[in-house]
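Student: Right, I'll just put the structure down here and ask away after.
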């Protein structure tokens, strides 16, 4: 990586450069050298490999080695740049190629076996159109024929990429690439030109609300901490991200860590904190590695440490690795974990802004919230609030997953409706199936059905629909999904992740899970008053959910019944089929399924009978078989092993 010396920058003139007060030949020389890192043009072939966690999971590591081997074998001088995830996870591994004088072009699903085809074609100046995904726009470089631009690609066309602006574009391990793209200018502007109060006012007026779930006004939260008198204050970045299906924070830290660090530094300055923590789960090794490198680089050039850029402001940032406990996403439990205690929530007030980490005033924001700060401070509150709804400003990043064609990271303006996200950006439901529901907000969120597809995304609209913004998980489900089973899955997760401190959450979620389990059970195995107890539990389910919602200690407990309440609200007939008919309409709940063999299709191969663990299938070889219903345990083995489609389930 380049050093400050390479750019004729020193700790003394770096501040002047970042604030725009450095002039003359020095400024022009530095700008010229840094502009090369923007790679608006390149002097030799440059290959960008998406080696974020999702890319590596799809085989990008092997692709990278195959590219290196090809270049070595052909003795070709080219640059290889490892970048993070650009968001289109469904097309990983992704490889970008840029030739001198030509635009950068992105290719999809470049596994190691496709590397020679791609390299041969591109080095000869030909685009393998079957592999091309999109190209980047440029005012000065020549484009490629028959290749869509990124802003024309269905996945990106409707997005507004503020937080994800650098992900998949810049080298996350090179601080100078971030600086070349106006990085740390907002931080320098804040510590040189603005008082702490002015920074808080700007963020408050922008309308930026916490992207971690609660939606509290960020500037207001900072002001509460700023107003406290204390010898020490703390700023915390919550990067715990415990929701199933959520990976936004991981992608930002892996792909553009300095954006989050700059936002954290501005936040620390705004509240008067000289120490900050990033609480990051240990299950994110690549994010941890990139963050450690980024913090080291920022300290080496004087952007962290003592008397930053001769401003008089000191800041030390530490990484605290968590063990993946879902409850540590709750801010007071997170504080306890940093302090070395068991991660358990505490009653509030006092709020962390008054008495937080080590008993000192503390402000906590998540990664996405902080990643919004640099552009907000650089461009002003009016710029930020220019998009969004009346009460929800800016953009929101969602992790789009489940039964949708284009899985990945999506950043859209607040107010974008669900239909556009799922069917335009997400490309709709695969395999010709129908949309059924989308789970928003993780385990604490809710399911939204087809009639709500035109709902505009903001904090209030999601809440009124029985869901919540949460950290941004968005799991799409098709018509083969059982909503009772979905509720049971999330309740099982919540029950296991409950810290156990308060009775409503600890015992209430356990009881709700027991009731859902009874709903999805068949009559086999019932004895005595089991059936009566089943109906009694069902009648208590909704009331129990409301009690837990009203009486739990922390926000996680308060929202834990949401999956049940939302599925009950929108999919009541499905619950009724399970309860009264002992039938799963989606054919998912094993104990409610009845298997049968079509005598006309059965060839008597005996494969089903040989594999049946309950010995419930009878029939002579080469003759139609049949199932003894009373002995069948509904395991589905016969359905799986039958080669002739003779076994059906209902």
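Residue numbers (our numbering): 193 to 842.
Here a beta-carbon is modelled for each residue, glycine too, at the ideal position from N, C-alpha and C.
Only a predicted model underlies this, so the values are computations on that prediction, with no experimental measurement involved.
Does DSSP put residue 788 in a helix, a strand or coil?
Tutor: strand
Student: Check the DSSP bridge columns for residue 603 and list the partner residues they point to.
Tutor: 589
Student: Using a Cβ-Cβ cutoff of less than 8 Å, which residues in the same chain neighbour residue 646 once the five nearest sequence positions on both sides are dropped?
Tutor: 609, 610, 611
Student: Extract the residue ranges of the alpha helix (DSSP H) inside the region 268-330, only unbroken runs of 4 or more that lie entirely within it.
Tutor: Listed in chain order, the complete alpha helix (DSSP H) runs (minimum 4 residues) inside the region 268-330 are 307-315.
Student: Do residue 240 and residue 305 have their CB atoms nearer than 9 Å?
Tutor: Their beta carbons are not under 9 Å apart, which means residue 240 does not touch residue 305 by this criterion.
Student: Going by CA-CA distance only, name the one from 431, 576, 454 that's closest to residue 843.
Tutor: Because the chain in this structure spans residues 193 to 842, residue 843 falls outside the shown range and cannot be described.
Student: Could you tell me which of 460, 541, 758, 445 sits nearest to residue 745, measuring between CA atoms?
Tutor: 541
Student: For the structure I just gave you, are there three or more beta carbon pairs, one from the region 821-834 and one from the region 796-810, closer than 8 Å?
Tutor: Three or more Cβ pairs drawn from the region 821-834 and the region 796-810 lie within less than 8 Å of each other, which places the two stretches in contact.
Student: Please look up how many angstroms separate the CB atoms of residue 596 and residue 633, rounded, as I've assumed it's under 8 Å.
Tutor: Between residue 633 and residue 596 the Cβ distance is about 17 Å, and since that is not below 8 Å, they are no contact.
Student: If you reduce the DSSP assignment to three classes, tell me which class residue 531 lands in.
Tutor: coil
Student: Ignore the nearest five residues each way along the sequence and tell me which others in residue 803's own chain have a CB closer than 6 Å to its CB.
Tutor: Around residue 803, the same chain offers 829, 833 as residues with beta carbons nearer than 6 Å, after the five sequence neighbours per side are excluded.
Student: Is there contact here, the region 664-674 with the region 775-792, by at least three beta-carbon pairs under 8 Å?
Tutor: yes
Student: Do residue 426 and residue 549 count as a contact pair if the criterion is CB distance below 9 Å?
Tutor: Contact flag set, yes.
Student: Could you tell me the distance, in whole angstroms, from the CA atom of residue 628 to the CA atom of residue 235?
Tutor: 51 Å
Student: Helix, strand or coil for residue 642, going by three-state DSSP, please let me know.
Tutor: helix
Student: What residues match up with residue 473 in a beta bridge as DSSP calls it?
Tutor: 514
Student: Distance, Cα to Cα, residue 709 vs residue 723?
Tutor: 13 Å
Student: Determine, using beta carbons only, whether residue 511 and residue 428 come nearer to each other than 9 Å.
Tutor: no
Student: Got a sec, what are the start and stop residues for the alpha helix (DSSP H) residue 737 sits in?
Tutor: 722-743
Student: Keeping to the same chain, check which residues put their C-beta closer than 6 Å to that of residue 755; ignore five residues upstream and five downstream.
Tutor: 679, 682
Student: Which partner residues does residue 416 have in the DSSP bridge list?
Tutor: Residue pairing of residue 416 in beta bridges, as defined by DSSP: absent, with no partner found.
Student: At a cut of 8 Å, does the region 503-520 reach the region 470-485 through at least three beta carbon pairs?
Tutor: yes
Student: Work out the CA separation of residue 617 and residue 264 for me, nearest whole Å.
Tutor: 39 Å
Student: Please report the straight-line C-alpha distance between residue 396 and residue 454, rounded to a whole angstrom.
Tutor: The straight-line gap from Cα to Cα measures roughly 18 Å.
Student: Please tell me whether residue 276 and residue 447 are closer than 9 Å, where the distance is taken between their beta carbons.
Tutor: Contact: yes.
Student: Report buried or exposed for residue 605, applying the criterion of at least 16 other Cβ atoms within 10 angstroms of its Cβ.
Tutor: That one is buried.
Student: From residue 785 to residue 836, what does the alpha carbon distance come to, in whole angstroms?
Tutor: 20 Å
Student: Quick check on DSSP: helix, strand or coil for residue 754?
Tutor: helix
Student: Determine the DSSP secondary structure at residue 657, reduced to helix, strand or coil.
Tutor: coil
Student: For my contact list, residue 402 and residue 561 are in at a C-beta cut-off of 8 Å; report their separation, rounded to the angstrom.
Tutor: 5 Å
Student: Within the continuous alpha helix (DSSP H) that includes residue 802, where are the two ends?
Tutor: 799-803
Student: Which partner residues does residue 563 have in the DSSP bridge list?
Tutor: Answer is none; residue 563 lacks a bridge partner.
Student: With respect to the alpha helix (DSSP H) encompassing residue 370, which residues constitute its N-terminal and C-terminal limits?
Tutor: 367-372
Student: From the DSSP output, in three-state form, read off residue 627 for me.
Tutor: strand
Student: Who pairs with residue 843 in a beta bridge, going by DSSP?
Tutor: Residue 843 is absent from the structure shown; the chain starts at 193 and stops at 842.
Student: At which residues does the alpha helix (DSSP H) containing residue 554 begin and terminate?
Tutor: Careful: residue 554 lies outside any alpha helix (DSSP H), inside the beta strand (DSSP E) at 554-558.
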